[in-house]
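Heads up: the sequence shown runs through residues 1 to 77, numbered per this note's numbering. For glycine and all other residues, C-beta sits at the position ideal for the given N, C-alpha and C. Structure first, commentary second.
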Amino acid sequence: MQEALQSLATDPGLSQMLPRFSTFISEGVRVNVVQNNLALLIYLMRMVKALMDNSTLNLEKYVRAIVHFFSQHGSSP
């Protein structure tokens, strides 16, 4: 697990994968909030942090999409 997070934080070639990561994280959070799966929610947040730590990625568009998703659906079970 630590190797995967390190790769997310340092790999300069991940920009093509950002749309998929954004969808994966948003859907993962939505499903695991409903199921109260704290362990997976923590892992997903570690993924977000690792991506944010990667200085080669431009996350602005994807952060907006994730925030918009939660503003629309975050309080619904």
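Burial state of residue 77, where buried means 16 or more other Cβ atoms lie within 10 Å: In this prediction, residue 77 scores a pLDDT of 46, lower than 50, which makes its location untrustworthy; the coordinate-derived value is nonetheless stated afterwards. That one is exposed.
Just how far apart, CA to CA, sit residue 40 and residue 20? 18 Å
Identify whether residue 14 lies in helix, strand or coil by the three-state DSSP scheme. coil
Throw me the rounded Cβ distance for the residue 62 and residue 14 pair, which I believe falls under 8 Å. At roughly 11 Å, the Cβ-Cβ gap does not stay under 8 Å, so residue 62 and residue 14 are not in contact.
Just to confirm my understanding: we take residue 53, look at its own chain, exclude 5 residues before and 5 after, and list those with CB closer than 6 Å. What are they? 9
Between the CA atoms of residue 36 and residue 16 - distance to the nearest angstrom: Their Cα atoms are separated by approximately 31 Å.
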